[in-house]
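A.B. asks: Just dropping this structure here.
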Amino acid sequence: MEAERRWEELPIDCFLTILNKLTLEEKTLSVPFVCKSWYEALLLPQFWKVLNFYPLYVKSWDSFAERFMQQYNLRSFSFSGFLKLLVRRSQGSAEEIIFHHQGGTWEDLLYVSNACPALRILVLPDLRHECDFSMLAGKWNDLERLYIGEISLPFEEALLLISQHFKNLSGLQFDGLFGEDNSVLSNLSLLPNLKYLCLSGVHGLSIEGLHLILDGCKNLEELYVRNATHDFQVDEAINGKSSGIRTFVFDNGYPPEKLFECEYPYLRFEYGRLLDRLMFHASKFGIGKMFQEWKAMRADPDYADIFDYEYELFDYEYDYADIVDYDYEYEI
1 MEAERRWEEL
11 PIDCFLTILN
21 KLTLEEKTLS
31 VPFVCKSWYE
41 ALLLPQFWKV
51 LNFYPLYVKS
61 WDSFAERFMQ
71 QYNLRSFSFS
81 GFLKLLVRRS
91 QGSAEEIIFH
101 HQGGTWEDLL
111 YVSNACPALR
121 ILVLPDLRHE
131 CDFSMLAGKW
141 NDLERLYIGE
151 ISLPFEEALL
161 LISQHFKNLS
171 GLQFDGLFGE
181 DNSVLSNLSL
191 LPNLKYLCLS
201 GVHGLSIEGL
211 HLILDGCKNL
221 EELYVRNATH
231 DFQVDEAING
241 KSSGIRTFVF
251 DNGYPPEKLF
261 ECEYPYLRFE
271 YGRLLDRLMF
281 HASKFGIGKM
291 FQEWKAMRAD
301 PDYADIFDYE
311 YELFDYEYDY
321 ADIVDYDYEY
331 EI
């Protein structure tokens, strides 16, 4: 009889590949208590290269915090303390940090800027209070992908700092920001590697600004412009300039066939696209059809990656079968 294989015999790179597919909740509340080899893996900095805090908030941060305190017999617990614990475990090797928009402060970001010099992917929390982004200049020379939600810094100033100090960016997303001075968009030409750009909730973008983007970003492969507040249409000149871009979407949603082709893991953006599609079904066909579509996507292997995070966006306590035939038309 073939001897039973043991975890200890698995090559460390394979072992880490398997364990790194787990969420932070599983890594901190389950893995340490499975066996000695799994616990020892927790001590390796490679185990903490990806710090994705987003699922902890989508499921319930309060619930996770309560479980963590019970498991480790703690009297208090904070996001900042948890962040510092995992960053220390990474020993400066963290390459990807994804904040939830409600989780994290300016002080947390400053800590990360000093303790995580190897970052390649960063999704920022919302920073509505005063913050000095110039303090981040020169901190992440290898940063490739950056997502910025709500911040107190004017868009023009933020974009200028980004274009001057993060030259290696290949992906950039702004959400809910913009100013009236579209000339600042010419600074995007200072990012020669930029392949992916998303401007969501772009207040003040004009047709001239769109021209500046297309003229300055010669290597763009994907451009998403959502919820532009200025009333203008994409003309023949814009269509001509964007003809070489693999995916160009302006204002009116996302083509279903392109829904999950974007390779950049900006989670809020990806889930925004998911919700766009579901809301389209809700508004056009009713809630019953929306849930049918959601269930179909859950079962479709093409959407496996987006659902692997197990965020359970629609984790309602009632049975879906009870509502699948219910039909309610939204007022458009």
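If you count the sequence shown from 1, position 78 lands on 78 in the UniProt record's numbering, and the numbers rise without skipping. Glycine included, each C-beta is placed from N, C-alpha and C at the ideal position. Computed from a predicted model, the values in this text were never measured in an experiment.
(1) Looking only at its own chain, which residues have a Cβ that is under 6 Å from the Cβ of D126, when we skip the five neighbours before and after it?
(2) Just curious, the beta strand (DSSP E) that L213 is in, first and last residue?
(3) I'd like the ranges of any alpha helix (DSSP H) spanning at least 4 consecutive residues and lying wholly in the region 75 to 101.
(4) Buried or exposed for N182, please, with buried defined as at least 16 other CB atoms from any protein chain shown within 10 angstroms of its CB.
(5) Can you round the beta-carbon distance between E96 and L51 to whole angstroms, since I take them to be within the 8 Å contact cut?
(6) Just curious, the alpha helix (DSSP H) that D108 is in, first and last residue?
(7) Can you list, in chain order, the residues of its chain whose CB lies under 7 Å from that of residue 347, leaving out five sequence neighbours each side?
(8) In angstroms with no decimal places, state the Cα-to-Cα distance between L29 and G240.
(9) Should F79 go down as buried or exposed, given a rule of 16 or more other Cβ atoms within 10 Å for buried?
(10) For T105, which of N114, F15, S76, L124 has the nearest alpha-carbon?
(11) Exposed or buried, which one is C262 when buried takes at least 16 other CB atoms within 10 Å?
(12) May I ask which residues mark the beginning and end of the beta strand (DSSP E) holding T247?
(13) Measure the beta-carbon distance from S242 to L214 and round it to whole angstroms, keeping in mind my assumption that it falls under 8 Å.
(14) Is L220 helix, strand or coil by DSSP?
C.D. replies: Well, looking at it:
(1) H101, G149, E150
(2) Note on residue identity: the sequence assigns Ile, not Leu, to residue 213. No beta strand (DSSP E) holds I213; the alpha helix (DSSP H) holding it covers 207 to 216.
(3) 79 to 90
(4) buried
(5) 7 Å
(6) 106 to 115
(7) Because the chain here runs from 1 to 332, residue 347 falls outside it and cannot be looked at.
(8) 53 Å
(9) buried
(10) L124
(11) Caution applies to C262, whose pLDDT of 37 falls short of 50 and renders its modelled position unreliable; the model cannot decide the point.
(12) 247 to 250
(13) 6 Å
(14) coil
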